[in-house]
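Protein chains in written order, with my numbering: chain A, 1 to 403; chain B, 1001 to 1224.
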């Protein structure tokens, strides 16, 4: 027994089924639009998130490292490439005296071996709790206690089973906190105070790590972070440093983020143009297809009108069809984008070599809602003109047109 | 009086030329009358019928059905009025090809009403009356010309309209099917429905209570 009821929605379904190729094409176009809108927006927001993380976590206006080590320092911060480099601790005092410098604090870098906790070497960053202004403020977001000796704070990407400790250079260190994900090199860092780092350094020395041989821990630092005084221009302070301190490489926090911001701006322009082209193409194809479809169905609409259907009902049949296309196409595009973006998050992060932090779930849900609304709105808008046009035509003339 | 037409005129423009399909026509029709409209091709028969059905706005003049000037109604009011009071059988392509006979005949009712046991019962009776109840799950492409016509008549009657307008319902039908359709109309008229039917076949004119012949959009023969 066949279904013995009929409704306007069913008429829309029937028409979609009647032209599988055309319906499939329209659904595919909507899916492509939703795919790029959702996928592109997530990608763009993730890159923005990564950039923001860097600005927040760098915590300093200027980073000073040994001459020739600026790329390594950027690798540590942006891409999580473990590295170590040292210069004399006296540089910290020299920098503190430079005009325009308000605060200085030094850090000591160390890397683990891959025989330790993790498959890949880990970056250790030792800071001085008494002078630090860069690390502790955001560590406090996850951990409010003191970081005592042999305690470590680990980045979000460090392999940690929650057992309370991690082993480095054959020694257990207690994990005080795991930091939130930043999508930057900071996620593979391990933070500890200088006493703990000294302990690791000695352990590394005992294990015969070559780089430790000629380094005196107490008189060496890897980087000096600088906060400039109010009223000073960052370029003026950089100039002052260059005039007063030799053998150092100066990295402006602003420059590091603005370089990435430039790359992001380029990406955003590309994404906007791509989306714009897809959107315009989709709208044109949809308008043409709905116009053809409505024109083909003059007789059907004429019959419906002759049976007592109002103009609004004719428009509604076409709009329902467009809504069905929008719903199926939009959901397909979003699901495909989610399948590509979320499971391959780490792969994308590694491939693009830029800070990459997925937005909060609330932002993703909001975006999802927005893209669904867009997917639902565009097909009906493109169908509306043809639908209204056919509904306004004289029914008798419309029916004769197809004869 | 069920239908009153006054000074009804419909003009078309074809290229630069103005064509007057229906020209200043007056006509009154009583309840339960069976009117047959005849005339040659282009005489204005179908234009007149479509204006009676509220499907084509006249250039001038008025159409009153059941006391209502139908072209003074809004689209919504006119659509509902057409659905409730007028059954219209177009000349060709009467049924929607993707719907079964049952769905096609149910369609006018479903535009404004929810499905109920009562309508299934009523529709069953109508399909029985026209001898197509066994075809209710068939699609129009599976039907003969006569069966399609009968399904279209059944659909036009589902809302029990006061007026049934049929545009050449017997064209392309063999004699047996023609008689079957005309008998059906005769029975409808006996039940009180007014039928206005267009035909160009002289031999079936005898079925009508009144025959009106159109020529160049005007009544040539017959009482207005």
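All residues carry an ideal CB built from backbone N, CA and C; glycine is no exception.
Can you name the residues that DSSP bridges to residue i?
i, result
"residue 1161/B", "Per DSSP, none; premise fails for residue 1161/B."
"residue 1010/B", "1022/B"
"residue 124/A", "110/A and 190/A"
"residue 1063/B", "1005/B"
"residue 1109/B", "Partner(s): none; residue 1109/B has no beta bridge."
"residue 151/A", "174/A"
"residue 1166/B", "1089/B and 1197/B"
"residue 1035/B", "1196/B and 1210/B"
"residue 89/A", "Residue 89/A is not bridged to any residue."
"residue 166/A", "173/A"
"residue 1219/B", "1214/B"
"residue 1017/B", "1014/B"
"residue 1029/B", "1003/B"
"residue 228/A", "101/A"
"residue 440/A", "What the structure shows of chain A is the stretch from 1 to 403, and residue 440/A is not part of that stretch, so it cannot be assessed."
"residue 220/A", "88/A"
Please indicate yes or no: does the CB of residue i lie closer than 8 Å to some heavy atom of the ligand FMN?
i, result
"residue 54/A", "Ligands are entirely absent from the displayed structure, and the ligand FMN is therefore not among its contents."
Run through DSSP, which three-state label would residue i get?
i, result
"residue 32/A", "helix"
"residue 133/A", "coil"
"residue 1088/B", "strand"
"residue 1155/B", "helix"
"residue 1208/B", "coil"
"residue 98/A", "coil"
"residue 389/A", "helix"
"residue 1/A", "Low confidence applies here, because residue 1/A scores a pLDDT of 41, under 50, leaving its location unreliable; read the following figure in that light. In this structure, residue 1/A counts as coil in the three-state DSSP scheme."
"residue 1137/B", "coil"
"residue 1202/B", "helix"
"residue 142/A", "coil"
"residue 51/A", "helix"
"residue 103/A", "strand"
"residue 1104/B", "helix"
"residue 181/A", "coil"
"residue 1068/B", "strand"
"residue 1175/B", "helix"
"residue 19/A", "coil"
"residue 1098/B", "coil"
"residue 157/A", "coil"
"residue 208/A", "coil"
"residue 215/A", "coil"
"residue 39/A", "helix"
"residue 13/A", "helix"
"residue 1044/B", "coil"
"residue 1142/B", "helix"
"residue 1057/B", "coil"
So residue i packs on residue j, CB below 8 Å; how close in whole Å?
i, j, result
"residue 359/A", "residue 45/A", "4 Å"
"residue 330/A", "residue 371/A", "7 Å"
"residue 9/A", "residue 320/A", "5 Å"
"residue 110/A", "residue 200/A", "6 Å"
"residue 147/A", "residue 154/A", "Actually they are not in contact, since the Cβ atoms of residue 147/A and residue 154/A sit about 12 Å apart, beyond 8 Å."
"residue 407/A", "residue 98/A", "Outside the shown range of chain A (1 to 403) lies residue 407/A, about which nothing can therefore be said."
"residue 1009/B", "residue 1024/B", "5 Å"
"residue 314/A", "residue 387/A", "7 Å"
"residue 1021/B", "residue 1044/B", "5 Å"
"residue 248/A", "residue 91/A", "6 Å"
"residue 1084/B", "residue 1071/B", "Residue 1084/B to residue 1071/B, Cβ: 17 Å. No contact."
Which residues, in chain order, does the segment 49-71 of chain A contribute to contact with chain B at a C-beta distance below 7 Å?
none
The segment 300-315 of chain A: positions lying closer than 8 Å to chain B by Cβ
Listed by position, the residues of the segment 300-315 of chain A near chain B (Cβ gap below 8 Å) are 300, 302, 303, 304, 305, 306, 307, 308, 309, 310, 311, 312 and 313.
If the cut-off is 7 Å on Cβ atoms, which residues from the segment 1062-1090 of chain B count as contacting chain A, listed in chain order?
1075, 1076, 1079, 1080, 1082, 1083, 1088 and 1090
For a minimum of 3 consecutive residues, which ranges assigned as the beta strand (DSSP E) are wholly contained in the segment 235-266 of chain A?
248-252
Residues, ordered as in the chain, of the segment 1021-1035 of chain B that lie near chain A by beta-carbon distance below 8 Å
none
What residues in the segment 17-48 of chain A have a beta carbon less than 7 Å from any beta carbon of chain B?
Hits within the stretch, in order: 18.
Using a Cβ-Cβ cutoff of 9 Å, what residues of the segment 1093-1104 of chain B are near chain A? List them in chain order.
Here the close residues are 1093, 1094, 1095, 1096, 1097, 1098, 1099, 1100, 1102, 1103 and 1104.
Of all the residues that make up the segment 1047-1058 of chain B, which are near chain A by a beta-carbon distance shorter than 7 Å?
1050, 1053, 1055, 1056 and 1057
Below 8 Å between beta carbons is the criterion; list the residues of the segment 1162-1184 of chain B that meet it against any residue of chain A, in chain order.
none
Residues, ordered as in the chain, of the segment 1128-1154 of chain B that lie near chain A by beta-carbon distance below 9 Å:
1136 and 1137
Any C-beta of chain A within less than 8 Å: which residues of the segment 1108-1125 of chain B qualify?
1108, 1110, 1111, 1112, 1115 and 1120
Identify every run of the alpha helix (DSSP H) within the segment 335-397 of chain A, keeping only runs that are complete inside it and at least 4 residues long; order them along the chain.
Complete alpha helix (DSSP H) runs here, min 4: 345-352 and 361-392.
In chain order, each alpha helix (DSSP H) run of at least 4 residues that lies wholly inside the segment 270-334 of chain A:
Segments of the alpha helix (DSSP H) lying fully in the segment 270-334 of chain A: 298-306.
Below 9 Å between beta carbons is the criterion; list the residues of the segment 319-339 of chain A that meet it against any residue of chain B, in chain order.
none
Residues, ordered as in the chain, of the segment 1002-1015 of chain B that lie near chain A by beta-carbon distance below 8 Å:
none
Interfacial residues, the segment 375-398 of chain A to chain B, with Cβ spacing under 8 Å
394, 395, 396 and 397
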